[in-house]
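These notes concern the structure reproduced below.
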Amino acid sequence: MIQLIINNEIEKIAEDYKKEFLNKCEADIRKNLNSLIVKLDITNAEYAIKKDYIEAILSKLEAIIILKPNEMKSEFLNFNLPSNDTSFYKSIVDALLYKKVRKEYFIKSLKNLEINCCAYCHTQGTYVVNEYYKRNHKPHKKGELKKPKAFFELDHYYPKSKYPFLCVSFYNLIPICSSCNKAKKDKTIDFDFYIESKSLIQNFKFTLSKGCVAKYIATKNKNDIIVEISHPNKKILKNFDERFSLNLKYNEYKDIVEELIYKEIKFNQIYLDSISNILNNTSLNKTIVKRIIYGNYSEKDESLKRPLAKFYQEISEDIKSLKLK
């Protein structure tokens, strides 16, 4: 629902991912791919196409891992794809050690990106949790860090069932929840999570239906609250809503809207200043103080740090625009 502009920080995270992955796995990947070439059936009509396909991956391996979105699109022209041979495609995914990426190498990247909610629905968490040994367990000692645990699923913008050579490409890996992953399956959706320019930004937006807040204040019936979702491209909005049931999901958060309405009505500036002063006296930084008062992350650049943060921010803005006080 939010697009990330590829900046220097994200490029560094991608580069670090590539370096660690290739430093530990490149030899095995090349061995696997060369082994696939040896195992190809020379008598098969697609022998030459499959051999060229694997050799192209071998020659461009380092570049493939950090292909940016526009480069992925152009790179398709250089890959003569075999017919939809599922066993061949699966063998490419296995050879590129995607399972290791999923269980180990991308986990660090996600932690560094601070993406803690599903990139598609924003309602569920996508967390990486550090776990420590509780007792001495040779060769490990009590308090030593275990491998981080991942509580998320990875979607491929370009499905690995159709574009296996992109299965470990950093910018093709999108952290999402299991619900959205099941809903998307191996379909391609018209939403670029990573973009290379501000001019390409097309984010979803949450608002409340016109007149519903006034009606709710009069009736105190939360069913009068109606959450609406918009997007500059109606086709993308329709596709997302059909695929991920966004309107159904977000209209289940009427209780949150209720709380935000009463905060806006009852919490005048003097009251907010007094709370802020009390919290500031506890040596908390201003960001945490705002989060405590607000109930979630309040800055737009923090929208991926917690589920529903974007929803809180935009619904609050919409309520404030009504000038209820």
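First residue of the sequence shown: 12, per the working numbering; consecutive thereafter.
For glycine and all other residues, C-beta sits at the position ideal for the given N, C-alpha and C.
DSSP state of residue i mapped onto helix, strand, coil
i    : result
D105 : helix
A130 : coil
V179 : coil
K160 : strand
D203 : coil
Y261 : helix
D197 : coil
S85  : helix
D166 : strand
L47  : helix
P80  : helix
E239 : strand
T137 : coil
Y144 : coil
F255 : helix
I16  : strand
L92  : coil
T218 : strand
L211 : helix
I185 : strand
Buried versus exposed call for residue i [16 or more other C-beta atoms within 10 Å across all chains shown]
i    : result
E164 : buried
T134 : buried
E328 : exposed
P186 : buried
T298 : exposed
Y273 : exposed
E325 : buried
F278 : exposed
P150 : exposed
N183 : buried
Y264 : buried
S285 : exposed
T137 : buried
F162 : exposed
S180 : buried
A225 : exposed
A74  : exposed
Y144 : exposed
I2   : In the structure as shown, the chain begins at 12 and stops at 336. Residue 2 is therefore absent and cannot be evaluated.
K171 : buried
Straight-line Cα distance separating residue j from residue i
i    : j    : result
V139 : T230 : 43 Å
P159 : E142 : 6 Å
S309 : P175 : 39 Å
Q14  : R146 : 43 Å
C132 : K301 : 24 Å
D203 : P80  : 8 Å
K321 : P243 : 17 Å
K152 : L47  : 41 Å
V49  : M83  : 28 Å
I76  : A106 : 14 Å
I236 : K157 : 46 Å
K331 : I212 : 25 Å
D201 : S314 : 21 Å
K29  : I16  : 19 Å
K71  : N296 : 47 Å
I53  : K42  : 20 Å
A59  : F217 : 51 Å
Y168 : I289 : 46 Å
L333 : N307 : 21 Å
L177 : I304 : 43 Å
E26  : K122 : 15 Å
E57  : D266 : 58 Å
L78  : N232 : 51 Å
I21  : C188 : 21 Å
L124 : Y323 : 21 Å
Check: residue i C-beta below 7 Å from any heavy atom of the ligand FMN
i    : result
A130 : Of the ligands one can find in the structure shown there are none, so the ligand FMN has no counterpart to examine.
Contact with chain D by residue i, beta-carbon distance below 8 Å
i   : result
F32 : Here chain D cannot be found, since the structure has a single protein chain.
Practice problem: Check whether the stretch 253-264 touches the stretch 186-196, counting contact only when three or more Cβ pairs, one atom from each stretch, lie closer than 8 Å. | Solution: A contact exists between the stretch 253-264 and the stretch 186-196.
Self-check item: Residue ranges of each alpha helix (DSSP H) within the stretch 279-330, 4 or longer
Solution: Along the stretch 279-330, the alpha helix (DSSP H) occurs as fully enclosed runs of 4 or more residues at 280-291 and 297-305, listed in sequence order.
Exercise. Would you check if there are 3 or more beta carbon pairs closer than 8 Å linking the stretch 107-124 to the stretch 200-209?
Key: Cβ pair count under 8 Å is below three, so no.
Quiz prompt | Three or more C-beta pairs below 8 Å linking the stretch 93-105 and the stretch 115-129 | solution = Short answer: they don't touch.
Quiz item: So, do the stretch 57-67 and the stretch 88-95 have three or more beta carbon pairs nearer to each other than 8 Å?
Solution: The stretch 57-67 is in contact with the stretch 88-95.
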